Amino acid sequence: MSEFLKELHITAEFCQDHPINAFSKHIPLEWVEEAVKQTGRASLRKRRFPAEQAVWLVLGIGLLRNRSIQNVCDQLELAFPDTKGELPP
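Each step along the sequence shown adds one to the number in the UniProt record's numbering, with nothing skipped, and position 85 is 85.
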C-alpha cells in the first residue's frame, strides 16, 4: 500500500469524529501540488476553479462520500468566483 493511500485511510478514519477541515492538516500541501503537476498540464490562464482547489475537492468527495458536493465545497470553503472574479460571501 502506498504512503499516500495509508495517509488517506488514516485521514478518513480521523474525519469521522472530527471537524471536516481536520483532514487538510494531515495531507501535505506538497501532495496536492504534486497531484496538479502529475496532470502534465500547465495552467496558462486564470481558471474559475484553480487546480489546487479541484484536488482538495476530489479528496473531500472521496473521504466524505456520504455528503453532497455542495456540502463538501461549503465545508472546505471552496467557492467558484462569479463572472467578475469575486468570491461569494
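Cβ atoms here follow ideal geometry from the backbone N, Cα and C, with glycine treated the same way.
This structure is a prediction, so every number in the text was calculated from the model and none was measured.
- Under the criterion of beta carbons closer than 8 angstroms, E52 and V72 do not qualify as touching, at roughly 15 angstroms.
- Between the alpha carbons of K6 and G60 lies a gap of roughly 16 angstroms.
- Straight-line measurement puts the Cα of L64 at about 10 angstroms from the Cα of V58.
- For L78, the closest alpha carbon among the candidates H9, V55, N66, K84 is that of V55.
- With fewer than 16 other Cβ atoms from the protein chains shown falling within 10 Å of its own Cβ, L29 counts as exposed.
- G40 carries a coil assignment under DSSP once its states are collapsed to helix, strand and coil.
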